[in-house]
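In my numbering, the protein residues as written are 437 to 617.
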């Protein structure tokens with residue numbers, strides 16, 4: 437029994453000392469899917485920008501501005517104050533949501549008065565960035581491309597997938613972070 441056992445150990449040690457060969461990585465070609473996604477998003481953004489340009493041409497009496505955040509807006513009513521909300525300030529505002537044809541999706545009455553602590557609570561990107569461009573008393577109309585609001589999901593209720601939106605926002609009050617009023 438001992439010779440069989442020793443021969444087994446010798447055979448086992450001979451085969452276990454062989455260096456393992458490295459496996460080659462598996463190449464996956466996903467560049468075509470990625471390229472299709474890029475092309476789709478470029479076309480979507482271009483179509484939404486064209487729709488906004490048509491909307492702006494119809495509203496020729498107003499001046500629209502391009503924000504640094506990638507959306508356009510016009511100031512309906514400008515307040516005399518000159519304080520923009522900063523991180524930690526609590527703001528009170530109302531807004532309405534319209535589709536590109538100015539058909540109401542959500543009204544002020546449906547939404548109600550909103551309170552938001554700047555950069556410390558979650559709201560859609562476009563609205564978060566737009567509120568920072570306003571003073572207390574301002575009334576502003578924002579033209580948000582879909583990627584700045586509800587994007588490819590919609591809101592699962594009234595806002596469709598990849599739908600550009602128009603927000604009419606009234607900033608009522610700004611409570612500065614270090615002041616009670």
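Where is the CB? At the ideal position from N, CA and C, for every residue including glycine. Note that this is a predicted model, so its numbers are computed, not measured.
Distance, residue j Cα to residue i Cα
i	j	result
residue 481	residue 581	7 Å
residue 589	residue 610	31 Å
residue 444	residue 473	59 Å
residue 575	residue 608	9 Å
residue 479	residue 489	15 Å
residue 570	residue 524	15 Å
For residue i: DSSP bridge partner residues
i	result
residue 575	513 and 606
residue 501	509
residue 519	In DSSP, residue 519 forms no bridge with anything.
Sequence-distant residues of the same chain with beta carbon closer than 7 Å to residue i, five excluded per side
i	result
residue 616	Bear in mind that the predicted position of residue 616 carries a pLDDT of just 49, short of 50, making it unreliable; the figure below should be weighed with that in mind. For residue 616, where only same-chain residues beyond five positions count, there are no Cβ hits under 7 Å.
Of the residues the options, the one placed nearest residue i, counting alpha carbons only
i	options	result
residue 497	512, 484, 443 and 486	512
residue 598	544, 519 and 535	535
residue 477	591, 587 and 612	587
Cβ-based neighbour list, residue i, same chain, cut-off 8 Å, excluding 5 preceding and 5 following
i	result
residue 507	562, 565, 566, 578, 579, 580, 581 and 584
residue 541	533, 534, 535, 594, 595 and 601
Sequence-distant residues of its chain with Cβ nearer than 6 Å to residue i (five each side left out)
i	result
residue 531	603 and 605
Residue i burial status per 10 Å Cβ neighbour count (16 or more: buried)
i	result
residue 521	buried
residue 547	exposed
residue 529	buried
residue 458	exposed
Residue i Cβ short of 7 Å to the ligand MG heavy atom set
i	result
residue 443	Only the bare structure without any ligand can be found here, which leaves the ligand MG out of the picture.
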